[in-house]
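According to UniProt numbering, the sequence shown is numbered sequentially starting from 1.
Taking it in order: structure first as structure tokens, then the write-up.
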Amino acid sequence: MGKLTHLLAAATLAATATTVFAGVAAAHTPYITAECTADGTVLSVRLEAYSGGVTNTVKVTDGDTVLADEEFGTRFEDKWTVSAEVDHTFTIAVTAGDDASGKRGWTFTRTESEKACVVPTTTPTTTTAEETTTTTVAPTTETSPETTSTTRPAPSAVPTTPAPSEDELADTGASVALPLGLGALLLVGGVAALVLVRRRAGQQ
């Protein structure tokens, strides 16, 4: 009875250990693929069942180009598409916080190489001669503004009386002087006659 008990205990312990180790083996599982397609070279990285109580890191590079460099918890998944016209060498470095030394295999560095699968399309170069266009500019002709001349009729001539000549003035003067002289003589004669009459009257 005692032996049976010991056997059952040993079997239970073995089963428990097997379950624990199986669980550990199933944890920290990486899935990494690289494939060249007509649409580009595709790299996929998926890390499953990592410990969440520690710091886990992942760094992904394509040659000298860094695609990812970050921390993650229990899971990480990402995908990158690059040119399929050139070769690629991808490096995936994973550090598990509970396996810093890498003894358990949870910390690792993996390289995935993928050849180019698309031939670059070459576009024929067409040389186009430059067309030279010569533009002739007509000389500019300056046009003087039109001058409109308006001819006005000459003013009507006003008839003018010619000025009397000196001879005519002399004749006029002579004709005027004659009556004046006669008038003076008559006046003198009248005065003399009046005086003579008064004298005669005084003598009587």
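All C-beta atoms in this analysis are idealised placements derived from N, C-alpha and C, irrespective of residue type, glycine included.
Limits of the unbroken beta strand (DSSP E) element including residue i
| i | result |
| --- | --- |
| proline 30 | 29 to 37 |
| glutamate 77 | 76 to 82 |
| arginine 110 | 108 to 114 |
| aspartate 69 | 65 to 72 |
| alanine 93 | 88 to 95 |
Those residues which DSSP pairs with residue i across a bridge
| i | result |
| --- | --- |
| glycine 40 | Thr37 |
Contact under 8 Å by Cβ, residue i with residue j
| i | j | result |
| --- | --- | --- |
| glycine 97 | valine 54 | yes |
| threonine 111 | threonine 89 | yes |
| threonine 74 | alanine 38 | no |
| valine 119 | valine 94 | no |
| residue 263 | alanine 116 | Summary: the structure shown does not reach residue 263, with the chain confined to residues 1 through 204, and so no result is reported for it. |
| glutamate 77 | arginine 46 | yes |
| threonine 81 | threonine 61 | no |
For residue i, the three-state DSSP class (helix, strand or coil)
| i | result |
| --- | --- |
| valine 45 | strand |
| residue 215 | This structure gives no information on residue 215, because the portion of the chain shown stretches from 1 to 204. |
| alanine 100 | coil |
| glycine 183 | helix |
| alanine 193 | helix |
| glycine 105 | coil |
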